[in-house]
Amino acid sequence: MTLIVLTIQGEFQRSCTVTAEIFQSGQITPLAGAKGNLIANDEISKCYGEWHQKYISLSSCFSFLIKSSGNLISNNLGDRQDVDAAFDDCRQAAKTLETALNDWLNHQSFEPIKQLFWEHLQVDREFRVLIKTDNIQLRRLPWNRWQFLEETFPQSEVTLTSPEFERISQPPTKPTLKNKVRILAVFGNDIDSNSGQEILNILPRDTDVKIIELPTQSNLNQELLETGWDILFFAGHSMTYPDGKGGEFQLNANERLKIADLKDSLKTAIRGGLKLAIFNSCDGLGLAQQLAEGQQLYLPQIIVMREPIPDKLAPEFLRHFLQEFTHGKSLYDSLRITRKYLQTLEFDFPCASWLPVLVQNPAEIPPLWQDLGRRPTDICPYQGLSAFRSEDAQFFFGRDPVSIQLVAAVKTQPLVAIIGASGVGKSSVVLAGLVPRLREESNFKIAYFRPGNNPFDSLAIALNSVHK
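If you count the sequence shown from 1, position 131 lands on 131 in UniProt numbering, and the numbers rise without skipping.
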């Protein structure tokens, strides 16, 4: 997937220098670059402040998952007309902020950056844009509402990264074996954990989910030290400090933690393969900063919410994101599709699509779901010139999109033919890609046969064997 890195240096009160670099998939040197400027603009900061104030005021309309100064914002619906008026005020402030942001990005001084996009990107291709800045005001902006990208490059997704990063994962020194994807799910204080647990419990069979509720700091440290976590999930209350350089999350009724409180165990977990953290909680940019460069942990991928998230919206995000990610979509595409879904809920939850953001370590390659769960093994996974068989499915990877397409085709078509030159892997993709996936569904019976000189006799024998 093509990657564009936009490095922004400066702040609203002064002109920002912007450099852009385009990297093709798998390349470590840029394909092209450009330099532009964003003019000084106090108006955006003012518009964001006004929108943020109106968004926070919606706490009188629904309960937010947030604690401030130790007090949970209460649930007080009030009069319906007041609710409608508050929603309208928030939406109007959001439009004003969007307009200010796009006017800023449409200034002539930024045109060289946009021209670079036109010259090197295809409008129908998925690509990712990394906004590289440590300015908390810039990180809080709704970059997903950048009109140029929305209208011209609808397959793009904008994420955040930091100027300070380091590659943590190392190429394996021995073969790897595909095991279950291991998720450590932590549910904090004063939330309804049932919906989140239900979502996690219906994940694919290749998932091992460990759920812990209201753990102590000691308990959580011990769990993180366990070998082989792929994903860390947290649902509960959290907040970011005003300077954006840190935050806290509520672990239980008595403990509020900083990322620094878990630094050693998190470092062990990351070295052991932890690739993704999802904080489905409020105002998480400060936590993301600490999970990245703040504590020099450099976690590969972090998903947080930019602002407070309504308690009923949090499980909706989780459900739809995991549905896309576990079915073969990239992290970026999964987030983009989920954001589109959240837009359909904005009548009841204004600006819902603004909330989730991926914070990416640019030195790491974003994994697919199928890439997770791989552990070192002494078993040789290489088949030489032989085809992969069903029992070799744990070693067969790299053809997941084709395998997923085949499953869909088999479910909808009476006959599916796989045609290709000799040696391209037709047998392998059927036996080690398609068949194991079909076996996970109990309504399929699978028979193998070679046509030989008497194909109908061979077919009859094969069918008879599965109907005995």
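Beta carbons are placed, not taken as given, at the ideal position from N, Cα and C, and that holds for glycine. Here the structure is a predicted model, which is why all the values come from computation and not from measurement.
Three-state class that DSSP yields for residue i in the structure shown
i, result
"ASN280", "strand"
"ARG14", "coil"
"LEU58", "helix"
"ILE461", "helix"
"ASN37", "strand"
"ALA387", "coil"
"SER68", "Confidence in SER68 is poor, its pLDDT being 42 and thus under 50, which makes the residue's placement unreliable; the coordinate value appears in the next sentence. Strand, per DSSP."
"ARG257", "Position check: residue 257 holds Leu in this sequence, whereas Arg was assumed. Looking at LEU257 - three-state DSSP - the assignment turns out to be strand."
"PRO401", "helix"
"GLU21", "strand"
"THR344", "coil"
"residue 470", "Limits of the chain in this structure are 1 at one end and 468 at the other, which puts residue 470 out of reach."
"SER169", "coil"
"GLU364", "coil"
"GLN27", "coil"
"ILE199", "helix"
"GLN295", "coil"
"GLN115", "helix"
"GLY78", "The predicted model places GLY78 with a pLDDT of 48, which falls under 50 and marks its position as unreliable; any figure quoted below should be read in that light. Coil at GLY78, not helix or strand."
"ILE73", "Caution is warranted here: a pLDDT of 42 is assigned to ILE73, below 50, making its placement in the model unreliable, and the coordinate value is therefore given only provisionally. Coil."
"ILE303", "strand"
"SER45", "helix"
"LEU121", "coil"
Cα-Cα separation between residue i and residue j, rounded to whole angstroms
i, j, result
"ILE191", "LYS426", "49 Å"
"SER15", "GLU248", "32 Å"
"ASN71", "ARG271", "Confidence is the limiting factor: at ASN71 the pLDDT is only 44, short of 50, which leaves the residue's position unreliable, though a coordinate-based value still follows. Roughly 36 Å between the two C-alpha positions."
"ILE302", "PHE449", "47 Å"
"GLN405", "HIS467", "27 Å"
"GLU111", "HIS120", "15 Å"
"LEU138", "ASN361", "18 Å"
"ILE136", "GLN122", "31 Å"
"THR152", "THR268", "42 Å"
"LEU438", "PRO30", "41 Å"
"THR133", "THR159", "11 Å"
"LYS275", "PHE397", "18 Å"
"SER218", "ASP371", "30 Å"
"ALA260", "THR207", "29 Å"
"LYS210", "GLU226", "11 Å"
"residue 542", "SER162", "A question about residue 542 goes unanswered here, because the residues of the chain that appear run from 1 up to 468."
"GLY10", "ASN102", "18 Å"
"ASP400", "GLY433", "7 Å"
Residue i, enclosing alpha helix (DSSP H) - first and last residue
i, result
"ILE309", "It is not in any alpha helix (DSSP H) - ILE309 carries neither H nor E in the DSSP assignment."
"LEU224", "217-224"
"LEU287", "285-289"
"VAL435", "435-439"
"PRO142", "Careful: PRO142 lies outside any alpha helix (DSSP H) and carries neither H nor E."
"ILE419", "It is not in any alpha helix (DSSP H) - ILE419 carries neither H nor E in the DSSP assignment."
"GLU151", "147-152"
Where the beta strand (DSSP E) containing residue i begins and where it ends
i, result
"ILE270", "Looking at the DSSP string, ILE270 is not in any beta strand (DSSP E); the run it does join, the alpha helix (DSSP H), is 263-271."
"PRO356", "356-360"
"GLU213", "207-213"
Beta bridge counterpart(s) of residue i as assigned by DSSP
i, result
"THR2", "PHE127"
"ARG374", "LYS178"
"PHE349", "BP columns for PHE349 are empty, so no partner."
"residue 471", "Since the first and last residues shown for the chain are 1 and 468, residue 471 lies out of range."
"residue 472", "This structure cannot settle anything about residue 472, because the visible part of the chain is limited to 1 through 468."
"LEU160", "ILE131 and VAL359"
"ALA32", "ILE22"
"GLN9", "THR17"
Would you say the region 272-283 touches the region 221-236, given that touching needs at least three Cβ pairs under 8 Å?
-> Flag = yes, the region 272-283 and the region 221-236 touch.
Decide if the region 351-365 is in contact with the region 303-320; the criterion is three or more beta carbon pairs, one per stretch, under 8 Å apart.
-> Because the criterion of three Cβ pairs below 8 Å is met, the region 351-365 and the region 303-320 touch.
Can you find at least 3 beta carbon pairs, one from the region 9-28 and one from the region 86-96, that sit closer than 8 Å?
-> Touching, no.
Are three or more beta carbon pairs between the region 3-11 and the region 125-132 nearer than 8 Å?
-> Touching, yes, given that three or more Cβ pairs across the two stretches are closer than 8 Å.
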